[in-house]
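> One structure, as structure tokens, below. Some questions next.
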């Protein structure tokens, strides 16, 4: 009898210890599962511990727990080799405020220099088919130089210049060109010419100039 009591007491003690150990393992597994998350989140199979407590026998053996191999952890997707094309944003054309063009400064034309030569036209004699006329030229200022007198008549008058004195004669269309000089400052020259005409009465030139300045008609 005493031998049986000694065998039962250690067996109950071992059974209690095995149950406590099993409970501790379950608690630790539960805490680990709660900390890591549900098994579906990471694809791992939770650790299943099925303790086996022998109901009798001198030794208490706990079968080893089988842990299935962890599932393959999905690798992170490698970045695509094709680099994304940059999106070109169409910049809006900046509108600069329109500037009014600055007004152009117009330089007034320079006043023509004062004519240094003056001239006066006059008719000496006149008859039905001809006349004698002359032009008096005066150098009011400036250096001594030559002068040019141009005289024009109505083409219907049929004027033709013949003899000329104190000048050289040339013709430019209906205009008679007389040149002479040089004429000193303050000096006066008198050109004369004889001309024929196809009209009766006294006639006057339609234009008379000396170096571009108009003559005085007398």
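In our numbering, the protein residues as written are 11 to 228.
We put the CB at the ideal spot given by N, CA and C, even for glycine.
#1: Could you tell me the alpha carbon to alpha carbon distance between residue 159 and residue 217, rounded to whole angstroms?
#2: If you draw a straight line from the alpha carbon of residue 169 to that of residue 210, how long is it in whole angstroms?
#3: Please list the segments of the beta strand (DSSP E) lying wholly inside the region 132-159, counting only runs of 3 or more residues, in order along the chain.
#4: Whose C-beta lies closer than 7 angstroms to the C-beta of residue 176 among residues of the same chain, with five residues either side of it excluded?
#5: Quick one: what does DSSP say residue 44 is sitting in, helix, strand or coil?
#6: On the DSSP letters alone, give me the boundaries of the beta strand (DSSP E) that residue 206 sits inside.
#7: Put residue 224 into one of helix, strand or coil per three-state DSSP.
#8: I need the DSSP call for residue 32, collapsed to helix, strand or coil.
#9: Could you tell me the distance, in whole angstroms, from the CA atom of residue 139 to the CA atom of residue 165?
#10: Apply the 10 Å Cβ neighbour rule to residue 129 and answer buried if 16 or more other Cβ atoms are within range, or exposed otherwise.
#11: At least one CB of chain D closer than 7 angstroms to the CB of residue 136: is that the case?
#12: Just verifying my parser: in three-state terms, what is the DSSP assignment at residue 217?
#13: Taking the DSSP output, what are the residues bridged to residue 26?
Reading off the structure:
#1: Taking the straight line joining both Cα atoms gives about 10 angstroms.
#2: Going from the Cα of residue 169 to the Cα of residue 210 covers about 12 angstroms.
#3: Whole beta strand (DSSP E) segments, 3+ residues: 140-149.
#4: Non-local C-beta neighbours of residue 176 in its own chain, meaning closer than 7 angstroms and more than five positions away in sequence, comprise 190, 199, 200, 201, 202, ordered along the chain.
#5: It is helical.
#6: It spans 198-206 - the beta strand (DSSP E) in which residue 206 sits, taken as one unbroken run.
#7: Looking at residue 224 - three-state DSSP - the assignment turns out to be strand.
#8: Looking at residue 32 - three-state DSSP - the assignment turns out to be helix.
#9: Their Cα atoms are separated by approximately 15 angstroms.
#10: Buried, because 16 or more other Cβ atoms sit within 10 Å of the Cβ of residue 129.
#11: No chain D is present in this structure, which holds just one protein chain.
#12: Collapsing the DSSP output to three states places residue 217 in a strand.
#13: In the DSSP assignment, residue 26 forms no beta bridge with any residue.
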